[in-house]
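The structure appears below as structure tokens.
In this note's numbering, the protein residues as written are 456 to 654.
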């Protein structure tokens, strides 16, 4: 806090130290009190998801004659924003979506990914993290596929999807596979009806 910074700095300045590195600020700052250099290297603490501010490694070269403070940017934005075309990646379900995402964004800490394209059926994005392997990135998934609005409102298609998903909850693997197949067929049929209605 501003009020405590001056008191802390004054106290530390009386110790005769060459350099003091402090935390609690998001941007790099450097100032001197007496012969002591105070450095805030920057921090991510307190930032909201997706926000970013640079952090620095601070190299201090100290000897009797000269004091050199060298801040160097050492990290990259912790979140990557990208679009993911589900059709081109041949994504079949939530499990394969998780596998494709984990592979594509390997080495990334956090990723905000917008799903686009033609989906085989409306993905349940709450289920995807359950299928991610250990060490996978933290994902913020946004559904912008052609079926992204299916679960909104109370259309016949929405009720159909909701009923199938309800049956899938707690079902064994074989039953889930059959229900997922039924869901794909149903969604494809609704698409055909939309095309014929438009014509």
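For every residue, glycine included, the Cβ atom is placed at its ideal position computed from N, Cα and C.
Membership of residue 615 in the alpha helix (DSSP H) is indicated by the continuous run 611 to 623. For the set 515, 470, 471, the Cα lying nearest the Cα of residue 485 is the one of 515. A direct Cα-to-Cα measurement between residue 599 and residue 632 gives close to 25 Å. Shown here, residue 552 sits in a helix according to DSSP, grouped into three states.
Excluding sequence positions up to five before and after residue 492, its CB lies within less than 6 Å of the CB of 474, 524, all in the same chain and listed in chain order. Distance from the Cα of residue 544 is smallest, within the candidate group 511, 567, 571, 534, for 571. By the 16-neighbour rule on beta-carbons within 10 angstroms, residue 566 is buried. With fewer than 16 other CB atoms across the displayed protein chains lying within 10 angstroms of its CB, residue 471 is exposed. Burial check for residue 496: the Cβ neighbour count within 10 Å reaches 16 or more, so the residue is buried. In this chain, the beta strand (DSSP E) harbouring residue 596 covers 593 to 598.
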